[in-house]
Amino acid sequence: MTTLDKITHLLSRLNPRWVAALEKSLRKIPAVQRQIQKETQSIGADLEASLKPYRDDFSSYTCLPSVGRDRDGILAEMQSLKDREEARWSQGYVSGAVYHGDQAHIEFLSQAYAIHSQANPLHSDVWPSITKYEAEIVAMTAHMLGASQATGDAQVCGTVTSGGTESILLAMKTYRDWARERKGITHPEMVLPVTAHAAFDKAAQYFRIKPVRIPVDRLFKADLAAARRAITRNTVVVVGSAPSFPHGAIDPIEGLSELALERRLGFHTDACLGGFILPWAEKLGYPVPPFDFRLPGVTSISVDTHKYGYAAKGTSVVLYRDPELRHYQYYTTADWPGGLYFSPTFAGSRPGALSAACWAAMLSLGESGYLEATRRILETAAYIHKEIETIPDLYILGDPLYVIAFASRTLDIYQVMENMSHHGWSLNGLHRPSCVHLCVTLRHTQPGVAGRFIADLKASVEEVRLHPDEKTGIAPVYGMAASLPLRGVVSDFLKKYLDVLYKV
Ligand SMILES: Cc1ncc(COP(=O)(O)O)c(C=O)c1O
């Protein structure tokens with residue numbers, strides 16, 4: 000046993016809060032430092048090789064070529080890089096990531112992008128086409144999420160953003176600024192389930208909002224009673240997911256939003272993953288609990304057009320119950336020598352072409368397209384769900400519709416994930432509890448894909464059952480990251496991972 004193993008063993012028995020307090024001192028012990036360095040260095044070396052697969056076959060650039068290269072050559076090089084990557088996701092080996100991916104759809108989005116490639120909605124006078132597209136993306140999304148049936152004097156509105164994270168960051172900043180001005184709250188807090196997306200924690204860090212995390216129940220849904228207890232005089236917003244990223248569980252949005260309404264707080268539904276699925280699932284007759292503006296307590300929603308909205312990557316929508324709230328999101332300055340400056344989101348200049356392609360995607364699918372896509376995804380997910388339940392070593396977490404998390408009481412689930420990667424699969428590893436998920440997309444509805452997933456999963460489980468001690472590849476990294484009580488060490492490792500991404 001190494002010193003780090005001994006300390007890990009000891010710390011795993013302590014309250015995580017004490018461990019966090021002790022961590023700085025423990026990391027000053029030279030033996031611990033040496034061990035951490037040794038372990039992270041060896042993992043880092045393996046990782047670098049896997050993250051930089053093109054070094055041998057393609058030239059690298061650390062400075063501009065002295066003379067510009069010919070365009071055909073550049074495009075040919077890009078094409079061969081793309082060709083190496085495409086088969087994996089297009090043949091449905093990847094969880095989430097590419098949500099539509101049919102060739103004709105991709106070409107259509109690329110055409111829409113090309114038409115508007117120079118557009119920047121910061122210059123709304125030059126490109127009013129983009130403001131038209133964005134206003135309509137927001138209106139169509141709001142309508143889909145119950146805006147026209149919203150009670151009271153709701154006037155649902157919103158903005159287009161660059162992705163789910165930006166939608167969430169903006170909403171949290173909005174509540175912080177709203178509560179400061181309207182209620183005089185200077186030490187804001189947000190109440191959120193432990194399963195809410197990491198983007199909320201990012202918002203908490205960026206905007207100095209204290210995150211107050213509440214536990215989830217055995218179905219991985221937020222604990223309502225805990226939410227009630229967590230609200231203080233400083234709470235500015237309560238959060239729920241529809242559904243959550245890790246286990247695909249839909250939080251009790253109705254109860255949470257009523258709680259927020261009673262206490263005159265904001266309530267944010269994170270429907271980044273579900274906003275373009277759940278409304279259609281409901282129409283198809285699936286049991287979908289209410290989560291949108293039809294609930295009077297829901298004051299904002301994040302919803303990703305670049306996931307199940309089937310737009311190209313780089314767009315999402317954040318919606319508010321009324322324009323007054325949206326005003327706290329905007330940035331304006333009237334004193335800058337550069338002139339009157341105002342922007343709705345974090346960015347200044349923005350890629351108008353992505354909004355154009357998003358608008359085009361929504362129009363080309365229409366209600367019938369989304370309904371049909373949802374039907375295919377939910378039927379495929381139900382098949383996968385049912386088949387996983389027949390594998391004795393595995394069990395499913397909660398009662399998911401299309402983000403299916405599974406774990407094992409008998410095997411190391413990260414080894415199963417590693418083994419699946421030998422069959423070509425890229426699944427998401429999760430922890431607390433240790434599990435793996437498949438986020439089902441249209442890619443998995445292609446003939447044969449779901450059957451192949453199940454066959455490969457059975458083979459992987461069998462392989463791990465026969466060789467439980469062969470912990471190779473990513474399995475030990477996940478194992479360490481999931482179990483190491485020194486969370487700062489794990490964070491430092493992740494920073495090093497990011498450094499590697501930027502190495503030429
Ligand atoms: C529930 C949920 N919220 C937020 C996000 C963040 O979205 P993005 O990666 O587009 O920033 C995700 C991403 O998967 C998600 O699943």
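Take 0 as the starting number for the sequence shown in numbering that gives the first Met the number 0 and just add one per residue. Just so it is clear, CB atoms sit at the ideal spot from N, CA and C, and this is done for glycine as well.
Candidates the options: closest to residue i by CA position
| i | options | result |
| --- | --- | --- |
| histidine 246 | Leu324, Leu25, Thr194 | Thr194 |
| isoleucine 184 | Ala153, Asn233, Val190 | Asn233 |
| glutamate 76 | Arg12, Ser58, Gln40, Leu364 | Ser58 |
| isoleucine 276 | Gln445, Leu441, Leu13, Ala103 | Leu441 |
| glycine 347 | Ile28, Leu121, Gln90 | Leu121 |
| valine 439 | Val137, Ala44, Tyr98 | Tyr98 |
| aspartate 303 | Leu13, Lys502, Leu493, Gly157 | Gly157 |
| arginine 83 | Asp71, Asp56, Pro64 | Asp56 |
| proline 286 | Leu353, Ala141, Ala333, Leu377 | Leu377 |
| serine 94 | Gln154, Gly423, Leu63 | Gly423 |
| histidine 196 | Leu429, Lys182, Gly151, Ala226 | Leu429 |
| glutamate 366 | Ser123, Thr140, Leu353 | Thr140 |
| serine 243 | Ala221, Arg431, Gly368 | Ala221 |
| arginine 464 | Leu339, Ser407, Ser128, Thr231 | Ser407 |
| proline 192 | Val215, Pro52, Ser41, Ser65 | Val215 |
| glutamine 154 | Met479, Gly163, Pro278, His142 | His142 |
| arginine 26 | Asp491, Val499, Lys502, Tyr60 | Asp491 |
| threonine 39 | Val503, Tyr501, Ala480, Lys502 | Ala480 |
Cβ pair residue i, residue j closer than 8 angstroms
| i | j | result |
| --- | --- | --- |
| asparagine 427 | valine 415 | no |
| isoleucine 471 | arginine 375 | Per the sequence shown, residue 471 should be read as threonine rather than isoleucine. In this structure, arginine 375 does not lie closer than 8 angstroms to threonine 471 by Cβ. |
| glycine 313 | alanine 118 | no |
| alanine 241 | aspartate 269 | yes |
| serine 459 | arginine 87 | no |
| leucine 437 | isoleucine 390 | no |
| alanine 202 | isoleucine 167 | yes |
| valine 238 | valine 190 | yes |
| isoleucine 133 | valine 159 | The sequence given here places glutamate at residue 133; isoleucine does not occur at that position. Yes. |
| serine 363 | phenylalanine 107 | yes |
| histidine 104 | tyrosine 309 | yes |
| proline 29 | alanine 248 | no |
| valine 476 | isoleucine 42 | yes |
| phenylalanine 219 | leucine 396 | yes |
| threonine 173 | leucine 324 | yes |
| lysine 306 | leucine 339 | no |
| arginine 486 | alanine 19 | yes |
| leucine 169 | glutamine 328 | yes |
Exposure label - residue i; buried when at least 16 CB within 10 Å
| i | result |
| --- | --- |
| tyrosine 175 | Note that residue 175 corresponds to arginine in the displayed sequence, not to tyrosine. Looking at its Cβ environment, which holds 16 or more other Cβ atoms inside 10 Å, arginine 175 is buried. |
| histidine 267 | buried |
| aspartate 291 | buried |
| leucine 511 | It is not possible to answer for residue 511, since the shown part of the chain is limited to 0 through 503. |
| serine 79 | exposed |
| alanine 454 | exposed |
| alanine 311 | buried |
| tryptophan 335 | exposed |
| arginine 431 | exposed |
| phenylalanine 405 | buried |
| proline 187 | buried |
| isoleucine 73 | exposed |
| glutamate 261 | exposed |
| alanine 146 | buried |
| alanine 505 | Outside the modelled stretch of the chain, which goes from 0 to 503, sits residue 505, for which no answer is possible. |
Test: residue i CB closer than 8 angstroms to a CB of chain B
| i | result |
| --- | --- |
| phenylalanine 219 | Chain labels in this structure do not include chain B; a single protein chain is all it has. |
beta-carbon residue i near ligand 1 non-hydrogen atom, thresh 7 angstroms
| i | result |
| --- | --- |
| aspartate 250 | no |
| glycine 43 | no |
| phenylalanine 538 | With the chain running from 0 to 503 in the structure shown, residue 538 is simply not present. |
| leucine 277 | no |
| isoleucine 403 | no |
| threonine 158 | no |
| isoleucine 73 | no |
| aspartate 303 | yes |
| leucine 272 | yes |
| glycine 162 | yes |
| serine 123 | no |
| serine 315 | yes |
| serine 240 | yes |
| isoleucine 167 | yes |
| aspartate 455 | no |
| aspartate 269 | yes |
Closer than 7 angstroms: residue i CB and nearest ligand 2 heavy atom
| i | result |
| --- | --- |
| histidine 196 | This structure does not include ligand 2; its bound ligands are ligand 1. |
Original post:
With a cut-off of 8 angstroms, do at least 3 Cβ pairs link the segment 372–392 to the segment 449–463?
Top reply: Short answer: they touch.
Subject >> Contact between the segment 350–364 and the segment 102–117 (3+ Cβ pairs under 8 angstroms) >> reply: Yes, the segment 350–364 is in contact with the segment 102–117.
Original post:
For the 8 angstroms Cβ check, are there 3 or more pairs between the segment 491–498 and the segment 38–47?
Top reply: Counting Cβ pairs under 8 angstroms, three or more are found: they touch.
**OP:** Kindly confirm or deny that the segment 284–298 and the segment 250–258 touch, where touching means at least three C-beta pairs closer than 8 angstroms.
**Re:** Per the Cβ contact rule, the segment 284–298 is in contact with the segment 250–258 (3 or more Cβ pairs under 8 angstroms).
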